[in-house]
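FYI, the numbering for the sequence shown is 2 to 238, going by the working numbering.
Just so it is clear, CB atoms sit at the ideal spot from N, CA and C, and this is done for glycine as well.
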Amino acid sequence: MPKVAVYLVRHGETNENVQSIIQGQLDTELNLRGREQSRVVADRLKSVPFYQAFSSDLRRATDTGASILEHHSIPLILDPLLRERYMGSLEGKHVSKMNRRLLPPEVERGRDFCDRCLQFWDSVIIPLAKIQDTSSIPLGSGEIGGATEYINILVVTHGAWISSILHSGLVAERNYRGRENAGNPVYNTSVSIVVVDEDGHGGEVRMSGNICHLLKPVVKRNVDVVDDQETLDQQSS
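Below you can see the structure in the form of structure tokens.
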């Protein structure tokens with residue numbers, strides 16, 4: 002029974018990223034650089050034999066996913082569980098308008114956001130790790146390399162989503178190994194890889210926030226990420 006390798010890819014750049022505008026679940030579009038970033042990460046991942054591909058249903062993610070799948074003959078499955086954190090009345094505003102210690106009450110609480118991320122993981126990813134017959138599934142080592150072959154899954158989503166699932170979800174709550182690999186910033190079109198153990202019992206963060214495919218400067222601040230989740234939960238409860 003092979004392990005599952007999940008490739009978490011953040012969407013390409015938007016004008017809102019550049020302008021430090023809080024996007025949350027606003028349906029914003031890729032800008033010119035974001036479309037180019039998507040083409041570049043697509044070229045990077047073209048040799049990974051993806052079995053399935055999932056994406057947030059927001060356009061900046063679906064367009065990034067569509068670019069990647071130009072090299073793969075599989076459909077892009079849209080899932081609202083992969084949407085960015087809902088930021089309520091802060092969406093569309095400059096980050097300077099946000100008080101990180103006292104957020105509006107309608108903002109999705111950190112605890113609820115993490116639970117939503119884990120809901121996707123438990124309902125979609127874990128069952129793949131329990132597949133008994135893989136004779137019809139394309140396997141490969143992908144970017145991990147070595148002799149081990151994996152069921153490779155593509156997930157295109159958002160910066161705060163990836164940060165939440167890696168840190169609060171898999172490492173902190175599910176005791177996944179690789180805490181030392183999970184701390185990199187999640188830039189636009191960065192690639193993070195998580196390996197799920199056989200039967201879905203545990204796993205390891207192998208890579209986070211990798212942008213070796215990008216040669217041009219990227220936006221280095223993700224204004225949708227709230228750093229202190231415990232403080233956030235206390236203030237918004």
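### Message
With distance defined between alpha-carbon atoms, name the residue in 183, 88, 156 and 207 nearest to residue 169.
### Response
Here residue 169 corresponds to residue number 168 of the sequence shown, with the count starting at 1. Residue 169 has its Cα closest to that of 183, out of 183, 88, 156 and 207.
### Query
In angstroms, rounded to a whole number, what distance separates the CA positions of residue 205 and residue 107?
For the purposes of this step, residue 205 is identified with residue 204 of the sequence shown, where counting begins at 1. For the purposes of this step, residue 107 is identified with residue 106 of the sequence shown, where counting begins at 1. Their Cα atoms are separated by approximately 34 Å.
### Three-state secondary structure assigned by DSSP to residue 168
The sequence position of residue 168 within the sequence shown is 167, counting from 1. Helix, per DSSP.
### Nearest-angstrom Cα separation, counted from residue 111 out to residue 98
For the purposes of this step, residue 98 is taken as the residue at position 97 of the sequence shown. For the purposes of this step, residue 111 is taken as the residue at position 110 of the sequence shown. Each residue's Cα considered, the two are about 19 Å apart.
### Task
At 3 residues or longer, and completely inside the segment 134-158: list those beta strand (DSSP E) runs for me, N to C.
151-158
### Query
According to DSSP, which residues form a beta bridge with residue 49?
Here residue 49 is taken as the residue at index 48 of the sequence shown, counted from 1. Answer is none; residue 49 lacks a bridge partner.
### DSSP bridge partner residues for residue 95 (one or two, in chain order)
Numbered from 1 along the sequence shown, position 94 holds the residue referred to as residue 95. According to DSSP, residue 95 bridges with 22.
### Message
Using a 10 Å radius around the Cβ and a threshold of 16 neighbouring Cβ atoms, would you call residue 159 buried or exposed?
### Response
Position 158 of the sequence shown, counted from the first residue, corresponds to residue 159. Burial call: buried.
### Message
For residue 15, list the residues DSSP reports as bridge partners.
### Response
One-based indexing of the sequence shown puts residue 15 at position 14. In the DSSP output, where bridge partners are listed per residue, residue 15 has 31.
### Query
Straight-line CA distance for residue 208 to residue 56?
To locate residue 208, count along the sequence shown from 1; it is residue 207. To locate residue 56, count along the sequence shown from 1; it is residue 55. Answer to the nearest angstrom: the Cα atoms are 19 Å apart.
### Message
Within 8 Å, do at least three Cβ pairs link the segment 43-51 to the segment 71-83?
### Response
yes
### Task
Please report the residue range of the alpha helix (DSSP H) in which residue 66 lies.
The residue given as residue 66 occupies position 65 in the sequence shown. Unbroken alpha helix (DSSP H) run through residue 66: 60-69.
### Task
Tell me whether residue 201 sits in a helix, a strand or coil according to DSSP, three-state version.
Here residue 201 refers to the residue found at position 200 of the sequence shown. It is helical.
### Query
So, are the CB atoms of residue 14 and residue 35 less than 7 Å apart?
As a position in the sequence shown, residue 14 is number 13, starting the count at 1. As a position in the sequence shown, residue 35 is number 34, starting the count at 1. Going by C-beta atoms, residue 14 is nearer than 7 Å to residue 35.
### Query
Does the distance from the CB of residue 8 to the CB of residue 139 come in under 7 Å?
Locating residue 8 in the sequence shown gives position 7, counting from the first residue. Locating residue 139 in the sequence shown gives position 138, counting from the first residue. No; because the gap between Cβ atoms is not below 7 Å, this pair is not in contact.
### Query
Is residue 102 buried or exposed, if buried means 16 or more other CB atoms sit within 10 Å of its CB?
Mapped onto the sequence shown, residue 102 falls at position 101. Exposed.
### Query
Does the beta-carbon of residue 149 have 16 or more other beta-carbons within 10 angstroms, so that it is buried, or is it exposed?
Here the question's residue 149 lines up with position 148 in the sequence shown. Looking at its Cβ environment, which holds fewer than 16 other Cβ atoms inside 10 Å, residue 149 is exposed.
### Collapsed DSSP secondary structure at residue 74 in the structure displayed
Taking the first residue of the sequence shown as 1, we reach residue 74 at position 73. The answer is coil: DSSP assigns residue 74 none of H, G, I, E or B.
### Query
residue 105: which of 91, 117 and 118 sits nearest, CA to CA?
Counted from its first residue, the sequence shown places residue 105 at position 104. The residue with the shortest Cα to Cα distance from residue 105 is 91.
### Per-residue burial, residue 59 [other beta carbons within 10 Å of its own, 16 or more giving buried]
One-based indexing of the sequence shown puts residue 59 at position 58. Classification of residue 59: buried, given that the 10 Å Cβ count is 16 or more.
### Message
Rounded to the nearest angstrom, what separates residue 203 and residue 178 at their Cα positions?
### Response
Working through the sequence shown from its first residue, we reach residue 203 at position 202. Working through the sequence shown from its first residue, we reach residue 178 at position 177. Rounded to the nearest angstrom, the two C-alpha atoms are 8 Å apart.
### Query
Mapping DSSP to helix, strand and coil, what is residue 179?
Here the question's residue 179 lines up with position 178 in the sequence shown. Reduced to three states, the DSSP call for residue 179 is coil.
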